[in-house]
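What follows is one structure encoded as structure tokens, with my remarks underneath.
2 protein chains.
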Amino acid sequence: MSKLPSLKNLSYLLALHQHQNFNRAAQACNVSQSTLSSGIQNLEEQLGCQLIERDHKSFLFTGMGEEVVEQARRILTSTEELLYFAQSQGKIMEGPLRLGCIPTIAPFLVGPLTKQLQVDYPKLQLNIREDTTDNLLHLLRNGELDVLVLALPVDLQGNQSYVLGRDPFKLVMHQSMADNLHEPVQYNQLPDNSIFLLEKEHCLTGHAVAACELADSTKINPFTATSLHSLVQMADARLGATFIPQMAIDRGILNGTDLVALQPTGQQASREIGLVYRPTTNRRQTFRRLAEFIAQLLPEPLLK
Amino acid sequence: MSKLPSLKNLSYLLALHQHQNFNRAAQACNVSQSTLSSGIQNLEEQLGCQLIERDHKSFLFTGMGEEVVEQARRILTSTEELLYFAQSQGKIMEGPLRLGCIPTIAPFLVGPLTKQLQVDYPKLQLNIREDTTDNLLHLLRNGELDVLVLALPVDLQGNQSYVLGRDPFKLVMHQSMADNLHEPVQYNQLPDNSIFLLEKEHCLTGHAVAACELADSTKINPFTATSLHSLVQMADARLGATFIPQMAIDRGILNGTDLVALQPTGQQASREIGLVYRPTTNRRQTFRRLAEFIAQLLPEPLLK
DNA sequence: AACCTTAATTAGTATTTCCGATTATAGTAA
DNA sequence: TTACTATAATCGGAAATACTAATTAAGGTT
Chain X
146 MSKLPSLKNL
156 SYLLALHQHQ
166 NFNRAAQACN
176 VSQSTLSSGI
186 QNLEEQLGCQ
196 LIERDHKSFL
206 FTGMGEEVVE
216 QARRILTSTE
226 ELLYFAQSQG
236 KIMEGPLRLG
246 CIPTIAPFLV
256 GPLTKQLQVD
266 YPKLQLNIRE
276 DTTDNLLHLL
286 RNGELDVLVL
296 ALPVDLQGNQ
306 SYVLGRDPFK
316 LVMHQSMADN
326 LHEPVQYNQL
336 PDNSIFLLEK
346 EHCLTGHAVA
356 ACELADSTKI
366 NPFTATSLHS
376 LVQMADARLG
386 ATFIPQMAID
396 RGILNGTDLV
406 ALQPTGQQAS
416 REIGLVYRPT
426 TNRRQTFRRL
436 AEFIAQLLPE
446 PLLK
Chain R
146 MSKLPSLKNL
156 SYLLALHQHQ
166 NFNRAAQACN
176 VSQSTLSSGI
186 QNLEEQLGCQ
196 LIERDHKSFL
206 FTGMGEEVVE
216 QARRILTSTE
226 ELLYFAQSQG
236 KIMEGPLRLG
246 CIPTIAPFLV
256 GPLTKQLQVD
266 YPKLQLNIRE
276 DTTDNLLHLL
286 RNGELDVLVL
296 ALPVDLQGNQ
306 SYVLGRDPFK
316 LVMHQSMADN
326 LHEPVQYNQL
336 PDNSIFLLEK
346 EHCLTGHAVA
356 ACELADSTKI
366 NPFTATSLHS
376 LVQMADARLG
386 ATFIPQMAID
396 RGILNGTDLV
406 ALQPTGQQAS
416 REIGLVYRPT
426 TNRRQTFRRL
436 AEFIAQLLPE
446 PLLK
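Sequences listed follow chains X and R, in order.
Just so we're aligned, residue 146 is where the first sequence starts under our numbering, counting upward by one.
Just so we're aligned, residue 146 is where the second sequence starts under our numbering, counting upward by one.
Right, here's the structure in full:
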């Protein structure tokens, strides 16, 4: 059996991949350029394959090199987690925690969450990143985030999750449009192009359409918004109706508008909120506790 | 940020855990006892916590030590996989492949599988281990196996799977017992205690009962068998009926008996066969190919 | 042509890792 | 008691390795 590559050399490779430059990568690793250079060569020899194509002046990662980078990242992440785990034994709610959250949840969750965490677990340093589901999953895989709050169902790509609770959808429109409607609202009572949704990058769009059984796409206006706040503005301007999650309404997104929230059609007109983490994590206890904590902040908690 | 523990020291810890003796562990690692001893101490210092309790003459892993062993195993497995992956680039169907299979599948799959693999991929060294679902999943987690063939559904414990196909259940009994029955067989036509099953360790028992909708447990004889071949013997001795998967029948398990195979009740009276692998694997291509390959050997392939 | 940037190479130095021998301790046999 | 065995820790020196600074080589820029 050949010798295993060293973590050090793997980290050199990662740095090189990140900086795409030997000198800057070496600086980032606090070693000289020659050290990093020979480290990479060493690695190539041990692995028995070329990782970067050299071109005298510049270089390019080979396909193989990219693959190795991916896997090396996972290995280093696991090792860092092991180190962190051992060093902070017994203190599951202390230290840094990097949480990712989608834009249709974050603005309505982060406030109460950080506030309450500060009280219950003052030593927990919560670091929040807001991004789309796809990007967050990518950051989770790469070890740049520890845990995500997503709307389910979604392809977890091998990750694991706790279901935290449900967040009902409401059909929101100007009160002048709601007079002759009764709940649950049948969509055929609405004019064509009268329902506004978010850009397709937001999973809320798909979830709302599915959960509220909005089969008739002629009702959907092709113009898309980039945030729930925009949607609210548009509805308040009497452009049409839209779906808004209960969480956002509870946090007062409709305050100061003339909008009303009606019950839409749909057996279970709601989305599920879940906490997602790597299957290889060693912080399940932390995530479990956090899950119970967040669940209590949701309109319909399912956990504990 | 503190320095990462070295893979070497982690492997020393694993060896010590396995052999529970410094000298033997050191031998297994091809290093001296002093090297291993100081390696472990080094590790404890880096991780900032005690991994083993020393007792002058002997020692004991602490709870923390056991945890670290678990995680170290994963890290080392990943690294070995990375090494193997790089060294055998492009040759997805070559080299060693350690496959685990449950006892109610193995005897009927392994023969044709190895025979056909030998023809199509002669450089693949298939290594087969037969054990219960639980044990196989444990070995998969520990990196002692690469891939499993299991009957689904089963708690995959964070692993991933390809569904290969279905394997129908047949109700097997002596032909003299089958005369006044018609298919699909209603179980109330059978006497109490007349259905024999395997020990509960075998997932086949649960799968058969569920798939064949055998709700009335008074029909089940409390005496359990340890293999399908025993069940066949018992049925042939006119002790009662039993469920046998089609795979086994196709491979001639009923040859030389006076047994008949009848269609049992049940919407879909069959079990699913799946190929299970770690979510962190880098051999998906290999497993995919293998999955397609095995699927073709099943009674009802679902793949490709 | 002179100069800058880039990565590889080289040779010498510093650090780390490893081993063999020894020590310390406890259990066991004479 | 007194050897004897087995265990893990410790220590000093040797071997392996990792690292650096300086240099080289080659392409791009002024």
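All C-beta atoms, glycine included, are put in the ideal place defined by N, C-alpha and C.
These numbers come from a predicted model, not from an experiment.
Per-residue burial, residue i [other beta carbons within 10 Å of its own, 16 or more giving buried]
i                : result
SER179 (chain X) : exposed
GLN302 (chain X) : exposed
HIS352 (chain X) : buried
PRO367 (chain X) : exposed
ALA360 (chain X) : exposed
GLY385 (chain R) : buried
LEU349 (chain R) : buried
ARG219 (chain X) : buried
HIS374 (chain X) : exposed
Contact check, residue i vs residue j, beta carbons under 8 angstroms
i                : j                : result
HIS217 (chain X) : LEU269 (chain X) : Rather than His, the amino acid found at residue 217 (chain X) in this sequence is Ala. Not in contact: ALA217 (chain X) and LEU269 (chain X) (Cβ atoms no closer than 8 angstroms).
PHE314 (chain X) : ARG396 (chain X) : no
LEU221 (chain R) : GLY210 (chain R) : no
TYR307 (chain R) : LEU448 (chain R) : yes
ASP381 (chain X) : HIS283 (chain X) : no
THR278 (chain R) : PRO150 (chain X) : no
ILE185 (chain X) : LEU152 (chain X) : no
PRO248 (chain R) : SER362 (chain R) : no
GLY401 (chain R) : ALA356 (chain R) : no
THR369 (chain R) : GLU328 (chain R) : no
ILE418 (chain R) : VAL294 (chain R) : yes
Residue i to residue j span [Cα, whole Å]
i                : j                : result
PHE438 (chain X) : LEU420 (chain R) : 37 angstroms
GLN263 (chain X) : ILE394 (chain X) : 24 angstroms
GLN441 (chain R) : VAL255 (chain R) : 13 angstroms
LYS364 (chain R) : ARG383 (chain R) : 15 angstroms
ARG169 (chain X) : GLY240 (chain X) : 30 angstroms
ASP200 (chain X) : GLU226 (chain R) : 30 angstroms
SER203 (chain R) : SER156 (chain R) : 20 angstroms
GLU215 (chain X) : ALA296 (chain X) : 26 angstroms
ALA414 (chain R) : GLN331 (chain R) : 13 angstroms
PRO336 (chain R) : LEU443 (chain R) : 33 angstroms
PRO252 (chain R) : ASP276 (chain R) : 12 angstroms
LEU181 (chain X) : GLN261 (chain R) : 47 angstroms
ALA436 (chain X) : GLN391 (chain X) : 19 angstroms
LEU433 (chain R) : TYR422 (chain R) : In the sequence on display, residue 433 (chain R) carries Arg and not Leu. Straight-line Cα distance between these residues: approximately 10 angstroms.
GLN338 (chain R) : ARG286 (chain R) : According to the sequence shown, residue 338 (chain R) is Asn rather than Gln. Distance between the alpha carbons of ASN338 (chain R) and ARG286 (chain R): 39 angstroms.
GLN334 (chain R) : ASP403 (chain R) : 20 angstroms
GLY288 (chain X) : GLY235 (chain X) : 22 angstroms
VAL354 (chain R) : SER233 (chain X) : 47 angstroms
ARG429 (chain X) : SER183 (chain X) : 39 angstroms
ASN166 (chain X) : ASN175 (chain X) : 14 angstroms
Whole-angstrom C-beta distance between residue j and residue i, which should lie under 8 angstroms
i                : j                : result
LEU399 (chain R) : VAL377 (chain R) : 7 angstroms
GLY245 (chain R) : LEU281 (chain R) : 4 angstroms
LEU258 (chain R) : LEU326 (chain R) : With a Cβ gap of about 35 angstroms, LEU258 (chain R) and LEU326 (chain R) do not count as contacting.
ASN154 (chain X) : LEU205 (chain X) : That pair is no contact at about 19 angstroms.
ILE237 (chain R) : THR431 (chain R) : 5 angstroms
VAL405 (chain X) : ALA323 (chain X) : 5 angstroms
Close Cβ partners of residue i (< 7 angstroms) along its chain, the five nearest in sequence each way excluded
i                : result
PRO424 (chain R) : GLY303, ASN304, GLN305
GLU198 (chain R) : PHE204, LEU205, THR207
GLU358 (chain R) : THR410, GLY411
Cutoff 6 angstroms; reference residue i; Cβ partners in own chain excluding five residues on either side
i                : result
ASP291 (chain R) : LEU242, ARG243
GLU445 (chain R) : GLY310, ARG311
THR387 (chain X) : VAL317, PHE341, LEU376, ALA380
Close Cβ partners of residue i (< 8 angstroms) along its chain, the five nearest in sequence each way excluded
i                : result
ASN427 (chain X) : GLU226, LEU227, PHE230
LYS148 (chain X) : GLN191
ARG274 (chain X) : ARG243, LEU244, GLY245, CYS246, LEU281, LEU284, LEU290
HIS164 (chain R) : ALA170, ALA173
SER177 (chain R) : ALA171
ASN272 (chain X) : PRO241, LEU242, ARG243, LEU244
HIS347 (chain R) : ILE247, PRO248, THR249, THR277
SER321 (chain X) : ARG383, ASP403
Residue i CB to nearest heavy atom of the ligand SAH below 7 angstroms
i                : result
TYR307 (chain X) : This structure lacks the ligand SAH, and indeed carries no ligand of any kind.
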